[in-house]
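Here is the structure we will look at, set down as structure tokens.
Numbering (UniProt numbering), first residue to last: 1 to 434.
Below is the structure:
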């Protein structure tokens, strides 16, 4: 199948990070005049691309192009987005561009302009727009859990995957409490949004959930209910019971692309499957050739990321590597690790969550080495981002990390399975020269 529409997005102004950071309210952020951004700029597991630009406020900048795979979406933090097909040579910067745009709307099919009103249709992609030299604070802040293992609302018990939405609400798969807990920004305790009724297979129960994403378009969360071998959807308005989407699989990690396709890792079948709501069958898009370490195989795939070219990045847990599978490929390529189990800069030890940025840089949770690593595209060695020591309780360290996410300001969140908490590492340095 070919989802690669030949479209691109032109944008003419950005807002510097310092100004945007001061605007914590989405409405205020939208009101900043002249803000024109990529449609993929604000993803809930993403870092906005403007962190890579020069340090200036409300600057005029060069016209930029990013690949856009979908034309018909509305985005907040945007005053105007121009999307055009490749047969249109140029859209001139505002205000003259508006005149041309009106003309194009009448005369050229496939040309659109959008202005935002209300909430964004966010695409739950694990895709990050960051500078390769961006660094984060060495000291983390506890933003969920951190009060020992337990079932109280200020506690977690062996958490796994997480998701950070547009309001910086953190959704955590609280494995041993068999629930999904949402922690609002700045809250001292969470609220149960799915499960929490003991381990079980009833529709109001979960059993060892391993991952969660938020689909803001439907105001629902989608959960890998690993112990029940199913994927379920829970409406955030009506949290009394879930809906089974997929069943009879060792589903562990999941994500969704901007076309609404759901991707799930299946540890029991050692493959990655793709599915869209309403489809009768799933499609194997990676692996499925038995357990092993060949380039067309996995050995317990865990978490997954999808980029804008619909390539998927999979943490191949028992093979200590991250694999990239391009769309319709017969085998993958190693983009991180793959040099045996170990703690050197070219090795991983039981990798977990993975995020990829627009340059192909891979961020991966290296669980047994207690660190988060960054692997630039094409490099055989990674570099340390967070952690790397074995000290269990200090805020500068992480212990048995599993989940990884970024908020819209570029702050980094890590789930510590062994410390029953989520730490936030604030973005510290932006290299505007890139």
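Here a beta-carbon is modelled for each residue, glycine too, at the ideal position from N, C-alpha and C.
Which whole-angstrom value describes the C-beta separation of residue 235 and residue 201, a residue pair presumed to lie in contact below a C-beta threshold of 8 Å? To locate residue 235, count along the chain shown from 1; it is residue 235. To locate residue 201, count along the chain shown from 1; it is residue 201. Cβ atoms of residue 235 and residue 201 stay farther apart than 8 Å, at about 19 Å.
| message | Restricting to Cα atoms, I'd like to know which of 144, 288, 380 is closest to residue 169. | response | Your numbering for residue 169 matches position 169 in the chain shown. It is 144.
field: Expected contact under 8 Å - CB spacing of residue 175 and residue 160 to nearest Å
entry: As a position in the chain shown, residue 175 is number 175, starting the count at 1. As a position in the chain shown, residue 160 is number 160, starting the count at 1. That pair is a contact at about 5 Å.
C-alpha distance - residue 294 paired with residue 239, whole-angstrom precision
The residue given as residue 294 occupies position 294 in the chain shown. The residue given as residue 239 occupies position 239 in the chain shown. Spanning the two alpha carbons is a distance of roughly 43 Å.
Leaving out the 5 sequence neighbours to the left and right, which residues in its chain are closer than 6 Å to residue 257 when beta-carbon positions are compared?
Here residue 257 refers to the residue found at position 257 of the chain shown. In chain order, 306 place their CB closer than 6 Å to the CB of residue 257, counting only its own chain and leaving out the 5 sequence neighbours on each side.
Measuring only the C-alpha atoms, how far is residue 338 from residue 275? Taking the chain shown and counting its residues from 1, the one referred to as residue 338 is at position 338. Taking the chain shown and counting its residues from 1, the one referred to as residue 275 is at position 275. Between residue 338 and residue 275, the C-alpha separation is close to 28 Å.
In three-state DSSP terms, what is residue 419?
In the chain shown, counting from the first residue as 1, residue 419 sits at position 419. Here residue 419 carries a coil assignment [DSSP, helix/strand/coil].
inquiry  = Excluding the 5 residues flanking residue 261 on each side, which residues of the same chain have their C-beta closer than 6 Å to its C-beta?
reply    = Position 261 of the chain shown, counted from the first residue, corresponds to residue 261. For residue 261, same chain residues with a beta-carbon under 6 Å away, outside a window of 5 residues either side, are 274, 276 in chain order.
C-alpha distance - residue 421 paired with residue 198, whole-angstrom precision
Along the chain shown, read from residue 1 onward, the residue named residue 421 stands at position 421. Along the chain shown, read from residue 1 onward, the residue named residue 198 stands at position 198. Roughly 20 Å between the two C-alpha positions.
Helix, strand or coil for residue 367, going by three-state DSSP, please let me know.
To locate residue 367, count along the chain shown from 1; it is residue 367. In the structure shown, residue 367 sits in a helix (DSSP, three-state: H, G or I).
- According to DSSP, is residue 189 helix, strand or coil? By 1-based counting over the chain shown, the position of residue 189 is 189. If DSSP states are grouped into helix, strand and coil, residue 189 belongs with coil.
Whose CA, out of 341, 385, 137, lies closest to the CA of residue 322?
In the chain shown, residue 322 corresponds to position 322, counting from 1. Looking from the CA of residue 322, the closest CA among 341, 385, 137 belongs to 341.
- Task: Could you round the C-beta distance between residue 423 and residue 140 to whole angstroms and report it? I think they count as a contact, below 8 Å.
- Result: Within the chain shown, residue 423 is the residue found at index 423, counting from 1. Within the chain shown, residue 140 is the residue found at index 140, counting from 1. Going by Cβ atoms, the distance from residue 423 to residue 140 rounds to 3 Å, so yes, they are a contact pair.
(request) Leaving aside the five residues before and after residue 325 along the sequence, list all residues of the same chain whose C-beta is less than 6 Å from its C-beta, in chain order. (result) Sequence index remark: in the chain shown, residue 325 carries index 325 (1-based). Around residue 325: 286, 312, 332.
message: For residue 382 and residue 299, what's the separation of their Cα atoms in angstroms?
response: Position 382 of the chain shown holds residue 382. Position 299 of the chain shown holds residue 299. Straight-line Cα distance between these residues: approximately 22 Å.
To the nearest angstrom, report how far apart residue 416 and residue 172 are at their CA atoms. To locate residue 416, count along the chain shown from 1; it is residue 416. To locate residue 172, count along the chain shown from 1; it is residue 172. When rounded, the distance between both Cα atoms is 11 Å.
Near residue 376, what residues of its chain come up, given a Cβ to Cβ distance below 7 Å and the 5 sequence neighbours on each side ignored?
As a working mapping, residue 376 is identified with position 376 in the chain shown. Result list for residue 376: 132, 361, in chain order.
ask   = In three-state DSSP terms, what is residue 195?
value = Residue numbering aside, residue 195 sits at position 195 when the chain shown is read from its first letter. Of the three classes helix, strand and coil, the one that applies to residue 195 here is strand, per DSSP.
Quick one: what's residue 159 bridged to in DSSP?
-> As a working note, residue 159 is residue 159 in the chain shown. Here residue 159 is bridged, per DSSP, to 174.
Proximity winner among 270, 280, 320, relative to residue 296 (alpha-carbon distances) | Here residue 296 refers to the residue found at position 296 when the chain shown is read from its first residue. Residue 296 has its Cα closest to that of 270, out of 270, 280, 320.
Exercise for review: Under the assumption that residue 488 contacts residue 272 (Cβ atoms under 8 Å), give the Cβ distance between them as a whole number of angstroms.
Suggested key: Given that the chain is displayed from residue 1 to residue 434, the structure contains no residue 488 and the question cannot be resolved.
So for residue 228, helix, strand or coil by DSSP? Along the chain shown, read from residue 1 onward, the residue named residue 228 stands at position 228. Note: residue 228 maps to helix in three-state DSSP.
**Study point:** Within 7 Å, strictly: CB atoms of residue 242 and residue 268
**Key:** For the purposes of this step, residue 242 is identified with residue 242 of the chain shown, where counting begins at 1. For the purposes of this step, residue 268 is identified with residue 268 of the chain shown, where counting begins at 1. No; because the gap between Cβ atoms is not below 7 Å, this pair is not in contact.
**Request:** Assign residue 314 to one of two classes, buried (16 or more other C-beta atoms within 10 Å of its C-beta) or exposed (fewer than that).
**Result:** Start at 1 with the first residue of the chain shown, and residue 314 comes out as number 314. Counting the other CB atoms within 10 Å of its CB gives residue 314 a total of 16 or more, which places it among the buried residues.
Exercise. In this structure, does DSSP put residue 271 in helix, strand or coil?
Worked result: Stepping through the chain shown from its first residue, residue 271 is reached at position 271. Note: residue 271 maps to strand in three-state DSSP.
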